[in-house]
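**Q** Got a structure for you, questions after.
There are 2 protein chains.
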Amino acid sequence: MSPGPNNAITDVPGISVGHVTGPDSGVTVVRAAGPNGQGVGGGFTQRGGSPVTRETDLMRPDNMVETMNAVVLSGGSSYGLAAAPGVMQCLENAGIGFSVGGGNVVPIVQAASTFDRATCSAPPASRPDYTSGLQACLAANSGPVAQGNVGAGTGAVAGGVKGGIGSASIVLPNGIIVGAIVAVNSEGVPYDDTGTLFGTTLEVGNEFRDLTKIGELIKYRVPASLPGGALRSGTNAVVATNVQLTKSQATKIAEIADDGVARAVNPAHTAGDSDTLFVLGTARLAMASLGDPNAVVTQIGTAAANAVSRAIVHAVLSARSTTCHKSYCDTFPLACRFRR
Amino acid sequence: MSPGPNNAITDVPGISVGHVTGPDSGVTVVRAAGPNGQGVGGGFTQRGGSPVTRETDLMRPDNMVETMNAVVLSGGSSYGLAAAPGVMQCLENAGIGFSVGGGNVVPIVQAASTFDRATCSAPPASRPDYTSGLQACLAANSGPVAQGNVGAGTGAVAGGVKGGIGSASIVLPNGIIVGAIVAVNSEGVPYDDTGTLFGTTLEVGNEFRDLTKIGELIKYRVPASLPGGALRSGTNAVVATNVQLTKSQATKIAEIADDGVARAVNPAHTAGDSDTLFVLGTARLAMASLGDPNAVVTQIGTAAANAVSRAIVHAVLSARSTTCHKSYCDTFPLACRFRR
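For the record, the sequence lines run as chains A and B.
The UniProt record's numbering puts the first sequence at residues 1 to 340.
The UniProt record's numbering puts the second sequence at residues 1 to 340.
What follows is the structure in structure tokens.
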């Protein structure tokens, strides 16, 4: 097993990602296209205590619409949901959406926002809006994914250090590809008392080989969680796979994949966290071709949870220091001394 | 027991309503202010199979934020959610919202939209947007509520006839006030095979006394449901009471109140219906002052369900014919011959 060529969610065929990075916050759009260019099956789980969401009720398996077109991750707390109508406009212009007759479509756009504040200005001078949603959607591509202080990770923190966007992927021997993208803005810390990042134990393909293991001596340097106070946080994520998924299957995968947050951040799913995770299946492989669906769902969920944990590590390692929040690598220079 | 002076949701202290009516669709904003001018406890239920919602996850009792500031009802299907950021702006400008420190607020704005198409243009020439949300919020007042082809009811249908906005209220002997506002855009029909409106059996204070009972002879005139096809519909509603409610209590009241849709429209909660119902408690009466909370919740829920049914009747009676959809009164002139 190894990561895909981008080690990012864009290794899943049909997935493209676009960021808009503002001075204080930003937007990350994950577009999903099935083989016909239209929507894909999806599901979600919502376990943080301070969610900011949109169109999640539609994703419940008992509700009618079966296909999703894009997920918006944003900063700006509830204000950041304003980006989603811009994404809808972008998709409608391309004729992408749930068909409602007469050639007209309604794009199905889920969103999860988080309360970011790494720039320390309160309120921030700028927020995600219609235009940033539109532009992030237009910028979406299937190449390498920019990580760190970009898009929905622009103003994010991760416990005591700077948070950000991270992504990861894995290719399984049976042809299943699983990718994840996270906007890490966690109340919890992503490292143990010695400064070692939790998620590094789930390394695939030596992706963390340039990190130096740090030991007991570093303990006194571990920063307290969340300077500025708790209850303003949340790690939102999107997982994708190339397997065709029903809403029920995607929902179960989301529930398994969400454990990837728990393994990489401690605590997770707090009262102040927005933590919401979406799953999308781009239907390049038929479930029936892969064996017992329940076993396949578990396999995808397991790979997805690990990809989420790894993506969180990538986010923290890619983040750069800002005026208010030092990056992990600036906080623990010993750990990062051989990093590029 | 009798309706309040407006026989509308604005009879509940702290509730104000504003409409913006566009050529094809519109927005209705229900603002809720507790005794301190800030948010109130709320809950929801979502039983239609095609929901279009925003910030509902936040309303779950296990999630942190306990107070809501406004609910947006809109047409325009998923596009209509674009009105909510305008409502947030209106409230933020007034300093209304969840306090996040430093004097800054995040207004908590739920929304439910419905797929309206009574104007027959597809796609409609206009949709609810940021500006209509902002203006509807600014227009909110506690006076009589315009009904029929206004706000979120502008482009609504009700089975075979024109739908719209309706409202109703009731004052209980113990001082509890309950009000409801509905945007009736139902796949189901609001009348039986003889054209009699289902909800009229729940009349309070002779509010339907000017309707003429019509009989068997009318049967052949009853129009087929939903000209233009099913699966593009949904009756969204807001219920309010002057009692202080926890999120759990408001959620249970929503579940009871939702039966008011079932009693006034048949079928309800179909695969194509958006049906989402919110409950808000403006906290002018303490729950503890009223007796056993479970009994009070049932009392409020019962009154609310009936108010919802009555509001649906008001909506259908207030609606006017458009190019594509005849009103109830134009379809059944015998029934309405003594109506003002």
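From the three backbone atoms N, C-alpha and C, an ideal C-beta is built for every residue, glycine too.
Got a sec: is the Cβ-Cβ distance from residue 131 of chain B to anything in chain A below 7 Å?
**A** It does not; no Cβ of chain A falls within 7 Å.
**Q** Need the endpoints of the beta strand (DSSP E) that residue 31 of chain A sits in, please.
**A** That run of the beta strand (DSSP E) goes 26-32.
**Q** Spatial neighbours of residue 249 of chain A within its chain, please: CB distance less than 6 Å, with the 5 preceding and 5 following residues excluded, ordered by chain position.
**A** The answer, listed in chain order, is 297.
**Q** Is it buried or exposed for residue 320 of chain A, if we count other Cβ within 10 angstroms and need 16 for buried?
**A** Exposed.
**Q** For the region 175-183 of chain A against the region 232-245 of chain A, do three or more pairs of beta-carbon atoms, one drawn from each stretch, fall closer than 8 Å, so that the two count as touching?
**A** Result yes; three or more Cβ-Cβ pairs closer than 8 Å.
**Q** Please go through the same chain and pick out, in chain order, the residues whose beta-carbon is closer than 6 Å to the beta-carbon of residue 347 of chain A, but skip the five residues on each side of it.
**A** As shown, chain A starts at 1 and ends at 340. That puts residue 347 of chain A outside it, with no answer to give.
**Q** Rounded to whole angstroms, what's the CA-CA distance from residue 57 of chain A to residue 335 of chain A? Just pull it up for me.
**A** Cα to Cα, the separation comes out at about 43 Å.
**Q** Could you give the uninterrupted runs of the alpha helix (DSSP H) lying entirely in the region 96-166 of chain A, keeping only those of 4 residues or more?
**A** 130-138, all fully within the region 96-166 of chain A.
**Q** Should residue 338 of chain A go down as buried or exposed, given a rule of 16 or more other Cβ atoms within 10 Å for buried?
**A** By the neighbour-count rule (16 or more Cβ atoms within 10 Å), residue 338 of chain A is not buried but exposed.
**Q** With DSSP as the reference, label residue 321 of chain B as helix, strand or coil.
**A** Coil at residue 321 of chain B, not helix or strand.
**Q** Taking DSSP as the reference, what is the three-state secondary structure of residue 273 of chain A?
**A** Here residue 273 of chain A sits in strand by DSSP.
**Q** Going by DSSP, what residue range makes up the beta strand (DSSP E) through residue 71 of chain A?
**A** Looking at the DSSP string, the run of the beta strand (DSSP E) that includes residue 71 of chain A is 70-74.
**Q** Residue 138 of chain A and residue 89 of chain A - do their beta-carbons sit closer together than 7 Å?
**A** No, Cβ-Cβ distance for residue 89 of chain A and residue 138 of chain A is not below 7 Å.
**Q** Look at the alpha carbon of residue 39 of chain A and the alpha carbon of residue 110 of chain A, and state the distance between them as a whole number of angstroms.
**A** Each residue's Cα considered, the two are about 12 Å apart.
**Q** Using a Cβ cut-off of 8 Å, which residues of the region 201-213 of chain A contact any Cβ in chain B, in chain order?
**A** The residues in question: there are none.
**Q** Helix, strand or coil for residue 289 of chain A per DSSP?
**A** Residue 289 of chain A: helix per DSSP, three-state reduction.
**Q** Which whole-angstrom value describes the C-beta separation of residue 243 of chain A and residue 2 of chain A, a residue pair presumed to lie in contact below a C-beta threshold of 8 Å?
**A** Incorrect: roughly 18 Å between the Cβ atoms, too far for contact.
**Q** Determine the chain B residues that contact residue 46 of chain A at a beta-carbon separation under 9 Å, and present them in chain order.
**A** What residue 46 of chain A touches in chain B: 57, 60 and 63.
**Q** I'd like to confirm the pairing. Which residues does DSSP put opposite residue 2 of chain A in its beta bridges?
**A** Answer is A:171, bridged to residue 2 of chain A.
**Q** How should residue 213 of chain A be labelled, buried or exposed, when 16 other C-beta atoms within 10 angstroms of its C-beta is the threshold for buried?
**A** Residue 213 of chain A comes out exposed.
**Q** Could you compute how far the alpha carbon of residue 183 of chain A sits from the alpha carbon of residue 310 of chain B?
**A** Their backbone Cα atoms lie some 46 Å apart in a straight line.
**Q** Determine the direct distance from the alpha carbon of residue 166 of chain B to that of residue 21 of chain B, and round the result to whole angstroms.
**A** Answer to the nearest angstrom: the Cα atoms are 14 Å apart.
**Q** Can you tell me where the beta strand (DSSP E) with residue 93 of chain B in it begins and where it stops?
**A** First-last for residue 93 of chain B: 83-93, but that is the alpha helix (DSSP H), not the beta strand (DSSP E).
**Q** Does residue 271 of chain B have its Cβ less than 7 Å from a Cβ in chain A?
**A** True, the Cβ-Cβ gap to chain A drops below 7 Å.
**Q** What distance in whole Å lies between the Cβ atoms of residue 92 of chain A and residue 105 of chain A, which are believed to be in contact at a cut-off of 8 Å?
**A** Confirmed, about 6 Å.
**Q** Does the distance from the CB of residue 82 of chain B to the CB of residue 23 of chain A come in under 7 Å?
**A** The answer is no: Cβ separation not under 7 Å.
**Q** Please state whether the Cβ-Cβ distance between residue 254 of chain A and residue 277 of chain A is less than 7 Å.
**A** It is a contact, given that the beta carbons lie within the stated cut-off.
**Q** Does the Cβ-Cβ distance between residue 282 of chain B and residue 43 of chain B come in under 7 Å?
**A** In this structure, residue 43 of chain B does not lie closer than 7 Å to residue 282 of chain B by Cβ.
**Q** If you reduce the DSSP assignment to three classes, tell me which class residue 249 of chain A lands in.
**A** Three-state DSSP puts residue 249 of chain A in a helix.
**Q** Could you list which residues in chain B have their beta carbon closer than 7 Å to that of residue 68 of chain A, in chain order?
**A** What residue 68 of chain A touches in chain B: nothing, since even the nearest Cβ is about 11 Å away.
**Q** Given a limit of 9 Å on CB to CB distance, which residues of the region 178-197 of chain B reach chain A?
**A** The residues in question: there are none.
**Q** Give me the Cβ distance between residue 168 of chain B and residue 8 of chain B, rounded to the nearest whole Å; I'm assuming they're in contact under 8 Å.
**A** Correct: roughly 7 Å between the Cβ atoms.
**Q** With respect to the beta strand (DSSP E) encompassing residue 237 of chain A, which residues constitute its N-terminal and C-terminal limits?
**A** Start and end: 236-243.
**Q** With a 10 Å radius around its C-beta and 16 neighbouring C-beta atoms as the bar for buried, classify residue 128 of chain B as buried or exposed.
**A** Buried is the call here.
**Q** From the DSSP output, in three-state form, read off residue 43 of chain B for me.
**A** Residue state, collapsed to three classes: strand.
**Q** If contacts are defined as beta-carbon pairs under 8 Å, then residue 141 of chain A and residue 16 of chain A qualify, I think. What distance do you get, rounded to the angstrom?
**A** Sure, about 5 Å apart at Cβ, within 8 Å.
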